[in-house]
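Enquirer: For what it's worth, full-length UniProt numbering labels the leading residue of the sequence shown as 1, then goes sequentially.
I'd like to ask you about the structure that follows.
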Amino acid sequence: MNKKIILIIFAIILGSVAILAYQSWYFNNDTTSRIILGNQNLPEPVLEGNLSLEETINNRRSVRNFTRESLILSDVSQVLWAAQGITDLENNLRAAPSAGATYPLELYILVGENGVDGLEAGLYHYLPLSHSLEKLVEGDLRQKLYESCNNQEAVLNAPVSIIITGLVQRTQDRYLDPDISSKYMHMEAGHAGQNIYLQSTALGLGTVSIGAINQVLMRDLLKSGQDEEALYVFPIGYSLT
């Protein structure tokens, strides 16, 4: 084998390693160094439901008052998948559309005490590629989330809340213009948010979208950096009425 062929093979291997490393950073990247307290695999998502799309749209309502009943882990898994789960394993495409497949969104789930059967109270980060959670903070943090959402009662009462954040630089790296990139990121948050609404409704759960967010308090709660913007919060549970 001559020297040129060896160099070509080496370059291919090096390029493959670089691509894998980039994908790992790109899809699971946090903006700051975090201590991971543990990992939780999620049940596989179900691709057939009991309600038609039309029935689900017709039944969708904003729900702000919740019972104390715990959620089941499979339902939590299903909602996270609907928001940002992988739906094309070959190309790593997700359930919600993204401009240029840049995927600037990150999802967190805050679980209250006895909020989910089989999942301890705490703050978790969703990893779409492995459909799993990594635990960031232990304990019931709903009071802190309540303060971060300008005292919205719904997040204090809900057993769980999903927090959507965005890293606009991912989109800006492709589209360059910061205003256009920000617009695309916010549009994508809307797509993911509607999926959360519809999937929750289909599962017999209620939710409401909250955009009143104190960025300083939320960054402290999530242990995130200045470049990660909190976009949406969705408290989820069984409707009280």
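Here a beta-carbon is modelled for each residue, glycine too, at the ideal position from N, C-alpha and C.
Fair warning: this is a prediction, and the values are worked out from it, not measured in the lab.
(1) When the Cα atoms are used, what is the spatial distance from Ile36 to Ser161?
(2) Does the beta carbon of Leu37 sit closer than 8 Å to a beta carbon anywhere in chain C?
(3) Can you give the Cα-Cα distance for Val208 and Thr241, rounded to whole angstroms?
(4) Please go through the region 37 to 110 and give each complete alpha helix (DSSP H) segment of 4 or more residues, from N-terminal end onward.
(5) Could you pull out every residue in the same chain whose Cβ sits closer than 6 Å to the Cβ of Pro235, ignoring the five residues on either side in sequence?
(6) From which residue to which residue does the beta strand (DSSP E) around Ala230 run?
(7) Tell me, please, which residues DSSP counts as bridged to Ser132.
(8) Assign residue 243 to one of three DSSP states: helix, strand, or coil.
(9) First and last residue of the alpha helix (DSSP H) that includes Thr171?
(10) Looking only at its own chain, which residues have a Cβ that is under 8 Å from the Cβ of Gly85, when we skip the five neighbours before and after it?
(11) Can you tell me whether Ser24 is helix, strand or coil according to DSSP?
(12) Would you kindly report the start and end of the unbroken alpha helix (DSSP H) that includes Ala154?
(13) Does the contact criterion of 3 or more C-beta pairs under 8 Å hold for the region 186 to 206 versus the region 117 to 125?
Expert: Straight from the coordinates:
(1) 20 Å
(2) Looking for chain C here will not work: only one protein chain is present.
(3) 14 Å
(4) 53 to 59, 73 to 84
(5) Ala154, Val155, Ala158, Ser161
(6) 229 to 237
(7) Asn41, Leu127
(8) Here the chain has residues from 1 to 241 only, and residue 243 is not among them.
(9) 168 to 175
(10) Pro45, Arg94, Ala95, Pro128, His131
(11) Note that Ser24 has pLDDT 45, beneath the 50 cutoff, so the model's placement of it is unreliable and no number is given.
(12) 153 to 157
(13) no
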